[in-house]
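See below for the structure under consideration.
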Amino acid sequence: MNIFRFAGDMTHLISILILLLKIYATKSCAGISLKTQELYALVFLTRYLDLFTDYVSLYNTVMKIVFIASSLAIVWCMRRHPLVRRSYDKDLDTFRHQYVVLACFVLALLLNEKFTIQEVFWAFSIYLEAVAILPQLVLLQRSGNVDNLTGQYVLFLGAYRGLYIINWIYRYFTEDHFTRWIACVSGLVQTGLYADFFYYYYLSWKTNTKLKLPA
Amino acid sequence: DKASEVHDEL
Chain G
734 MNIFRFAGDM THLISILILL LKIYATKSCA GISLKTQELY ALVFLTRYLD
784 LFTDYVSLYN TVMKIVFIAS SLAIVWCMRR HPLVRRSYDK DLDTFRHQYV
834 VLACFVLALL LNEKFTIQEV FWAFSIYLEA VAILPQLVLL QRSGNVDNLT
884 GQYVLFLGAY RGLYIINWIY RYFTEDHFTR WIACVSGLVQ TGLYADFFYY
934 YYLSWKTNTK LKLPA
Chain F
117 DKASEVHDEL
């Protein structure tokens with residue numbers, strides 16, 4: 734594992750910790766898209782079907798369990814926690830995620846590395862992760878104001894994607910035949926979705942003003 | 117065959 738991959742995993746982990754901290758400390762999930770969180774839970778559950786069949790390293794196994802458990806905990810809090818659920822902006826969270834799930838599944842049936850249940854679901858999780866941030870970005874854009882923790886959450890998620898791309902470039906040059914093209918193309922699409930957000934985050938940081946996304 | 121290798125990334 735190279736340093737970029739590790740840094741990517743850590744920023745991913747930090748983004749989830751920021752989100753858990755926000756929910757725990759403020760007992761509020763205002764500004765957070767439940768749809769994006771449910772998509773991430775689905776991403777982890779379908780990608781880590783190999784949890785009990787393919788052992789890579791203790792690090793991988795622990796991280797997989799952490800990602801599954803934390804994403805389910807966030808969804809549970811937003812749906813069931815008596816205080817947290819009241820702050821959920823249901824009317825702003827309007828992205829039609831069911832079509833995205835369907836489209837990703839059809840794509841995974843057509844484009845996969847091998848036509849097995851595990852590989853199809855792996856490809857599905859890769860495609861779904863690429864677009865899972867969309868409901869969150871739509872919600873932030875519709876609500877206008879973005880609070881600090883929510884902004885940092887999306888920033889760290891974006892950093893994780895960026896670092897994974899550097900990791901793939903590094904692997905391409907240092908490993909003989911690294912050809913995870915499904916993950917690479919989807920990863921590029923996914924990181925592109927953050928470009929706009931990064932730009933406005935940079936503007937707000939530079940001018941020292943509150944982060945606002947244009948409608 | 118690379119396709120049958122395990123996925124080593126998260």
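Chains as they are written, first to last, in the numbering used here: chain G, 734 to 948; chain F, 117 to 126. Quick reminder that beta carbons are idealized off the backbone N, C-alpha and C, glycines included.
- Task: Kindly indicate which three-state DSSP category N735 (chain G) falls into: helix, strand or coil?
- Result: Residue numbering aside, residue 735 (chain G) sits at position 2 when the first sequence is read from its first letter. Three-state DSSP puts N735 (chain G) in coil, outside helix and strand.
- Hey, out of G:G895, G:I765, G:T924 and G:Y903, whose CA is closest to D826 (chain G)'s CA? Along the first sequence, one-based indexing puts residue 826 (chain G) at 93. Of the listed residues, the one whose Cα sits closest to D826 (chain G) is G:I765.
- Item | Cβ distance (whole Å) where L816 (chain G) is taken to contact K760 (chain G) below 8 Å | Here residue 816 (chain G) corresponds to residue number 83 of the first sequence, with the count starting at 1. Here residue 760 (chain G) corresponds to residue number 27 of the first sequence, with the count starting at 1. That pair is a contact at about 4 Å.
- Task: Kindly list the residues whose CB is nearer than 7 Å to the CB of A916 (chain G), restricted to its own chain and excluding five residues on each side of it in sequence; keep chain order.
- Result: On the first sequence, residue 916 (chain G) is found 183 positions in, with the first residue counted as 1. I859.
- Along chain F, which residues have their Cβ under 7 Å away from the Cβ of V789 (chain G)? Position 56 of the first sequence holds residue 789 (chain G). Near V789 (chain G) (Cβ distances below 7 Å), the residues of chain F are V122 and D124.
- Task: Taking the CB atoms as reference points, tell me whether G925 (chain G) and Y897 (chain G) lie closer together than 8 Å.
- Result: By one-based count along the first sequence, residue 925 (chain G) stands at place 192. By one-based count along the first sequence, residue 897 (chain G) stands at place 164. The answer is no: Cβ separation not under 8 Å.
- Message: For L782 (chain G), which residues in the same chain have their Cβ closer than 7 Å to its Cβ, ignoring the five residues on either side in sequence?
- Response: Your numbering for residue 782 (chain G) matches position 49 in the first sequence. Within the same chain, L782 (chain G) has close Cβ partners Q851 and F854.
- Message: Please classify K768 (chain G) as buried or exposed, where buried requires at least 16 other C-beta atoms within 10 Å of its C-beta.
- Response: For the purposes of this step, residue 768 (chain G) is taken as residue 35 along the first sequence, with counting starting at 1. K768 (chain G) should be labelled buried.
- Under the three-state reduction of DSSP, which class applies to K768 (chain G): helix, strand or coil? Counted from its first residue, the first sequence places residue 768 (chain G) at position 35. Helix, per DSSP.
- Task: Kindly indicate the opening and closing residues of the alpha helix (DSSP H) around I915 (chain G).
- Result: Counted from its first residue, the first sequence places residue 915 (chain G) at position 182. Here the alpha helix (DSSP H) through I915 (chain G) covers W914 to K939.
- Could you list the residues in the segment 734-752 of chain G with a C-beta less than 9 Å from some C-beta on chain F, going in chain order? M734, R738, G741, D742 and H745
- Could you pull out every unbroken alpha helix (DSSP H) segment of at least 4 residues lying fully inside the segment 824-893 of chain G, listed in chain order? 830-843, 850-864 and 867-876
- Message: Per the DSSP calculation, K945 (chain G) is bridged to which residue(s)?
- Response: Counting from 1 along the first sequence, the entry for residue 945 (chain G) is found at position 212. Looking at the DSSP assignment, K945 (chain G) forms a beta bridge with G:N878.
- Query: Using 8 Å as the limit for Cβ to Cβ distance, is K797 (chain G) near chain F?
  - Reply: For the purposes of this step, residue 797 (chain G) is identified with residue 64 of the first sequence, where counting begins at 1. Closer than 8 Å to some Cβ of chain F, the Cβ of K797 (chain G) qualifies, so yes.
- Query: Span of the alpha helix (DSSP H) holding F800 (chain G)?
  - Reply: Start at 1 with the first residue of the first sequence, and residue 800 (chain G) comes out as number 67. F800 (chain G) -> alpha helix (DSSP H) spans L791 to R813.
- Among G:Y757, G:V922, G:Y933 and G:Y903, which residue has its Cα nearest to the Cα of R818 (chain G)? What you label residue 818 (chain G) is simply residue 85 of the first sequence in a count that begins at 1. If we check each option's Cα against that of R818 (chain G), G:Y757 comes out closest.
- In chain F, what lies closer than 8 Å to D783 (chain G) by C-beta? As a first step, residue 783 (chain G) is located in the first sequence; it is residue number 50 there, counting from the start. By Cβ distance, chain F contributes V122 and H123.
- Query: Going straight from the alpha carbon of R913 (chain G) to that of N941 (chain G), what length do you get?
  - Reply: Here residue 913 (chain G) is taken as the residue at index 180 of the first sequence, counted from 1. Here residue 941 (chain G) is taken as the residue at index 208 of the first sequence, counted from 1. Straight-line Cα distance between these residues: approximately 40 Å.
- Task: Answer with buried or exposed for Y718 (chain G), where buried requires no fewer than 16 other C-beta atoms within 10 angstroms of its C-beta.
- Result: Here chain G comprises residues numbered 734 to 948, so residue 718 (chain G) is not present and cannot be evaluated.
- Task: For chain F, find out if any of its Cβ atoms is closer than 8 Å to the Cβ of N878 (chain G); answer yes or no.
- Result: Your numbering for residue 878 (chain G) matches position 145 in the first sequence. Not one chain F Cβ lies under 8 Å of N878 (chain G).
- Tell me, to the nearest whole angstrom, how far the beta carbon of I751 (chain G) is from that of F889 (chain G); I am working on the premise that it is less than 8 Å. The residue labelled residue 751 (chain G) in the question sits at position 18 within the first sequence. The residue labelled residue 889 (chain G) in the question sits at position 156 within the first sequence. 6 Å between Cβ atoms; contact.
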